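Heads up: the structure comes next, in structure tokens.
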Amino acid sequence: MTETLIKIENLHKSFGKNEVLKGINLEIKRGEVVVIIGPSGSGKSTLLRSMNLLEEATKGKVIFEGVDITDKKNDLFA
0 MTETLIKIEN LHKSFGKNEV LKGINLEIKR GEVVVIIGPS GSGKSTLLRS
50 MNLLEEATKG KVIFEGVDIT DKKNDLFA
């Protein structure tokens, strides 16, 4: 069984009234190569920025190696 490296659950991101990410679910296994393709303005960069916490998601979870990195209770820099 392949280990899950990154899991995204019900990720939403809004800028004002404009909802850019609408309930994104994604699971990336260790060793997989993933490509994100879409037209300009479709939220590709926002998804990547939300995954690495450069943007704070409006709702949802980003789980990296089993740790919910979007949970403010987790001190990622400890």
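Residue numbers (numbering that gives the first Met the number 0): 0 to 77.
We put the beta carbon where it would ideally sit given N, CA and C, even for glycine.
These figures come from a predicted structure and were not determined experimentally.
Between Thr-69 and the set Lys-12, Glu-2 and Thr-3, the nearest pair of CA atoms involves Lys-12. Lys-28 places its beta carbon 7 angstroms or farther from that of Gly-37. The Cβ-Cβ distance between Lys-6 and Glu-31 does not fall below 7 angstroms. One alpha carbon belongs to Leu-52, the other to Glu-2, and they sit about 22 angstroms apart. In this chain, the alpha helix (DSSP H) harbouring Leu-47 covers 43-50.
Ranked by Cα distance from Val-19, the first of Val-33, Asp-74, Gly-65 and Lys-58 is Lys-58.
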